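Each step along the sequence shown adds one to the number in my numbering, with nothing skipped, and position 94 is 576. Glycine included, every Cβ here is placed at the ideal spot set by N, Cα and C. Just so it is clear, the structure is predicted and the values come from calculations on it, not from any experiment. Worksheet: the structure to be examined is printed underneath.
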Amino acid sequence: HIQSDEIRFETLRSSGPGGQHVNKTDSAVRATHLASGISVKVQSERSQHANKRLARLLIAWRLEQQRQNECAALKSERRLFHHQIERGNPLRIFKGMAFTPQ
483 HIQSDEIRFE TLRSSGPGGQ HVNKTDSAVR ATHLASGISV KVQSERSQHA NKRLARLLIA
543 WRLEQQRQNE CAALKSERRL FHHQIERGNP LRIFKGMAFT PQ
């Protein structure tokens, strides 16, 4: 889970329908993950607390997606390196029952 001190929250006014409630309250939230710079804006709920909770979940989801993409790239790179291994070029050859170097 993400700690609260890792995220900077900014409150702002929502757009769209809602009349006086939307015009008076800062219920929309822009959340920025400080370490990665990932930013999300949530204004789908009426309350600021619900929007903060959704923003925290969205950031966690995006961080997980980023981590999975990095793992996939690393796995792909390792697979590519595996096919570049040169076979049949030994450094030492051991022969006989005593396995003495040649």
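The beta strand (DSSP E) with ALA611 in it runs from where to where? Residue 611 cannot be examined here, being either before or after the span of the chain that is shown, 483 to 584.
Opening and closing residue of the beta strand (DSSP E) in which ARG560 lies: As a position in the sequence shown, residue 560 is number 78, starting the count at 1. For ARG560, there is no enclosing beta strand (DSSP E); the enclosing alpha helix (DSSP H) has its first and last residue at 530–564.
Count the C-beta pairs between the region 489–508 and the region 554–563 that are closer than 8 Å, then say yes if the count reaches three, no if not. no
With HIS503 as the anchor, note down where its alpha helix (DSSP H) starts and where it stops. Numbered from its first residue, the sequence shown carries residue 503 at position 21. Where HIS503 is concerned, the enclosing alpha helix (DSSP H) stretches over 502–506.
Three-way DSSP call (helix, strand, coil) for SER521 in this model: In the sequence shown, the residue the question calls residue 521 occupies position 39. In the structure shown, SER521 sits in a strand (DSSP, three-state: E or B).
Using only CA atoms, which one of PHE563, ILE489 and ARG569 lies nearest to ALA517? As a first step, residue 517 is located in the sequence shown; it is residue number 35 there, counting from the start. Here the closest residue by C-alpha is ILE489.
Using only alpha-carbon positions, find the residue among SER521, GLU546 and SER558 that is nearest to LYS534. For the purposes of this step, residue 534 is taken as the residue at position 52 of the sequence shown. The option with the nearest alpha carbon to LYS534 is SER521.
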